[in-house]
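> Residues 16 to 315 (the working numbering) make up the sequence shown, in order. Every residue gets a Cβ at the ideal spot worked out from N, C-alpha and C, and that includes glycine. These numbers were taken from a predicted model, which means no experiment stands behind them. One structure, as structure tokens, below. Some questions next.
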Amino acid sequence: MEKKDFYEHIFWNNLKTYILIAGFCLFIILLGWVFGAVFFGSPIFGMSLAFIFAVVFTAIGFMSGNRMILSLSKAKEIKKKDDPFLWNTVEGLSLAAGIPMPKVYLIKETSINAFATGRNPENAAVTITTGARERLKRQELEGVLAHEIGHILNYDIRYMMLVTILIGIVALLSDFMLHSFLWGGGRRREGGGGQLILIVIAIALAILAPFIAQLIRFAVSRKREYLADATGAKLTRYPFGLADALENIKNDHDKVVDTANKATAHLYIENPLRNAKGWTNSLFATHPPIDERIKRLRAM
Numbered sequence: 016m017e018k019k020d021f022y023e024h025i026f027w028n029n030l031k032t033y034i035l036i037a038g039f040c041l042f043i044i045l046l047g048w049v050f051g052a053v054f055f056g057s058p059i060f061g062m063s064l065a066f067i068f069a070v071v072f073t074a075i076g077f078m079s080g081n082r083m084i085l086s087l088s089k090a091k092e093i094k095k096k097d098d099p100f101l102w103n104t105v106e107g108l109s110l111a112a113g114i115p116m117p118k119v120y121l122i123k124e125t126s127i128n129a130f131a132t133g134r135n136p137e138n139a140a141v142t143i144t145t146g147a148r149e150r151l152k153r154q155e156l157e158g159v160l161a162h163e164i165g166h167i168l169n170y171d172i173r174y175m176m177l178v179t180i181l182i183g184i185v186a187l188l189s190d191f192m193l194h195s196f197l198w199g200g201g202r203r204r205e206g207g208g209g210q211l212i213l214i215v216i217a218i219a220l221a222i223l224a225p226f227i228a229q230l231i232r233f234a235v236s237r238k239r240e241y242l243a244d245a246t247g248a249k250l251t252r253y254p255f256g257l258a259d260a261l262e263n264i265k266n267d268h269d270k271v272v273d274t275a276n277k278a279t280a281h282l283y284i285e286n287p288l289r290n291a292k293g294w295t296n297s298l299f300a301t302h303p304p305i306d307e308r309i310k311r312l313r314a315m
């Protein structure tokens, strides 16, 4: 891989993510259009319903998502007196990034991992496992923390919260479509061949939509990990620190974070769950291949 400027990495990963998010939104609009056309005879009504769901669930998610994630992860907030080095490192990286210092949390886990969450830099938190704190060298720990600060700086925390909310909207609309079809959909019995085609499309979308949404979510998550790697390397000006930390994670025999689950796995610096085997692993992976990430960092 040729050497690339940090800003080039950031630009291209941002562009790819914007395209994926736009695709996600268009997919929801299509789902709403078909839903309205088949069951209410009004595509506009279906699109309006999708919009209302988006507004309501986005508001709920943005207000409570951060607290819920930290609670599910059993993260404990620490202050400067609890761990001066960790606190000062996060503070220094935040200053370098030009953002407010996020709250710092620890998860009692022997594995090496970390994540960032929040809806914006003013409402953010950085969380690492005790395994990362105790087992990583100084430059490796700085690299991991810089990666998480990168997620905050690039608003990845907002992107991923948005994607999670959009998946919820897709699941609700799909479930509603299936129930409407099973229990009668008014105008779905009217019309001829054109209406029948729409019904078939509606059923296919209702079944496949959650699956497609998850694939988009995984793709967005993988792009944001590459971006955070590049941003973290820019902040420390030493990409080898993060590369070495990822090497440690790769070779760690205790990768699983017990408090992580499928809903939060994409937040971590590396997959905290047991990896699936087979050809579907890369398709459903929440993170890009760790070897590729290390290769890109060492090429910077």
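#1: Consider the C-beta atom of Ile67 and the heavy atoms of the ligand HEM; say whether any pair is separated by less than 8 Å.
#2: Where does the unbroken beta strand (DSSP E) through Glu92 begin, and where does it stop?
#3: Using the three-state DSSP reduction, which class does Lys118 fall into: helix, strand or coil?
#4: On a CA-only basis, which of His302, Thr132, Leu187 is nearest Phe68? Give me that one, please.
#5: Check Thr274 in the structure and name its three-state DSSP category.
#6: Return the residue from the list Val185, Arg313, Gly76, Gly56 that minimises the CA-CA distance to Met175.
#7: Can you list, in chain order, the stretches of the beta strand (DSSP E) that have 3 or more residues and sit fully within the segment 124-193?
#8: Under 8 Å Cβ to Cβ from Glu262, same chain only, skipping five residues before and after it: list those, please.
#9: Kindly give me the distance between the Cβ atoms of His302 and Ala243, rounded to whole angstroms, as I take these residues to be in contact under 8 Å.
#10: In angstroms, rounded to a whole number, what distance separates the CA positions of Ile127 and Ile184?
#11: Measuring only the C-alpha atoms, how far is Asp273 from Gly38?
#12: Straight-line CA distance for Phe26 to Asn81?
#13: Hey, how far is the Cα of Gly201 from the Cα of Phe60?
#14: With burial defined as no fewer than 16 other Cβ atoms inside 10 Å of the residue's Cβ, what is the status of Ala161: buried or exposed?
#15: How many Å lie between Ala275 and Phe66 at the Cα?
#16: Alpha carbon to alpha carbon, how far is Val119 from Lys265? Give it in angstroms, no decimals.
#17: With DSSP collapsed to three states, give me the class of Tyr241.
#18: Taking the alpha carbon of Val105 as the point to measure from, which residue in Phe50, Arg239, Ala234, Gly158 has its own alpha carbon closest?
#19: Return the Cβ separation of Ala234 and Leu46 in integer angstroms, given the expectation that the two are a contact with Cβ distance under 8 Å.
#20: Exposed or buried, which one is Arg311 when buried takes at least 16 other CB atoms within 10 Å?
#21: Our contact map puts Ala147 next to Tyr283 with C-beta atoms below 8 Å; I'd like the distance itself, whole angstroms only.
#22: In angstroms, rounded to a whole number, what distance separates the CA positions of Thr142 and Met62?
#23: Taking 8 Å as the limit between beta carbons, can you name the residues of its chain near Ala131, skipping five residues before and five after?
Reading off the structure:
#1: Of ligands this structure carries none, so the ligand HEM is not represented either.
#2: Within the sequence shown, the letter at position 77 stands for residue 92. Note, Glu92: beta strand (DSSP E), 91-93.
#3: Position 103 of the sequence shown, counted from the start, is the residue given in the question as residue 118. It is a strand residue.
#4: In the sequence shown, counting from the first residue as 1, residue 68 sits at position 53. The shortest Cα separation from Phe68 among His302, Thr132, Leu187 belongs to Leu187.
#5: Counting from 1 along the sequence shown, the entry for residue 274 is found at position 259. Thr274: coil per DSSP, three-state reduction.
#6: Against the sequence shown, residue 175 aligns to sequence position 160. With distances taken between Cα atoms, Met175 lies closest to Gly76.
#7: 129-133, 139-144
#8: Within the sequence shown, numbered from 1, the residue matching residue 262 stands at position 247. Correct list, in chain order: Ile309.
#9: For this step, residue 302 is matched to residue 287 along the sequence shown. For this step, residue 243 is matched to residue 228 along the sequence shown. Between Ala243 and His302 the Cβ distance is about 11 Å, and since that is not below 8 Å, they are no contact.
#10: In the sequence shown, counting from the first residue as 1, residue 127 sits at position 112. In the sequence shown, counting from the first residue as 1, residue 184 sits at position 169. Looking at the two C-alpha atoms, the distance is approximately 33 Å.
#11: Position 258 of the sequence shown, counting from 1, holds the residue named residue 273. Position 23 of the sequence shown, counting from 1, holds the residue named residue 38. C-alpha separation (whole angstroms): 33 Å.
#12: Here residue 26 refers to the residue found at position 11 when the sequence shown is read from its first residue. Here residue 81 refers to the residue found at position 66 when the sequence shown is read from its first residue. Approximately 27 Å between the Cα atoms of the pair.
#13: Here the question's residue 201 lines up with position 186 in the sequence shown. Here the question's residue 60 lines up with position 45 in the sequence shown. Caution applies to Gly201, whose pLDDT of 47 falls short of 50 and renders its modelled position unreliable; the model cannot decide the point.
#14: Mapped onto the sequence shown, residue 161 falls at position 146. Counting Cβ neighbours within 10 Å, Ala161 comes out buried, since at least 16 surround it.
#15: By one-based count along the sequence shown, residue 275 stands at place 260. By one-based count along the sequence shown, residue 66 stands at place 51. Cα to Cα, Ala275 sits roughly 31 Å from Phe66.
#16: Position 250 of the sequence shown, counted from the start, is the residue given in the question as residue 265. Position 104 of the sequence shown, counted from the start, is the residue given in the question as residue 119. Whole-angstrom Cα-Cα distance: 24 Å.
#17: By one-based count along the sequence shown, residue 241 stands at place 226. Residue state, collapsed to three classes: helix.
#18: Translated into positions along the sequence shown, residue 105 becomes position 90. Val105 has its Cα closest to that of Gly158, out of Phe50, Arg239, Ala234, Gly158.
#19: Here residue 234 refers to the residue found at position 219 of the sequence shown. Here residue 46 refers to the residue found at position 31 of the sequence shown. Not confirmed; about 18 Å, so no contact.
#20: As a working note, residue 311 is residue 296 in the sequence shown. Flag for Arg311 reads buried.
#21: The residue given as residue 147 occupies position 132 in the sequence shown. The residue given as residue 283 occupies position 268 in the sequence shown. Going by Cβ atoms, the distance from Ala147 to Tyr283 rounds to 11 Å, so no, they are not a contact pair.
#22: Translated into positions along the sequence shown, residue 142 becomes position 127. Translated into positions along the sequence shown, residue 62 becomes position 47. Straight-line Cα distance between these residues: approximately 38 Å.
#23: Within the sequence shown, numbered from 1, the residue matching residue 131 stands at position 116. Excluding sequence neighbours, Ala131 sits near Pro117, Ala139, Ala140, Val141, Thr142, Glu163, Ile164, His166, Ile167, Asp171, Ile172, Leu282.
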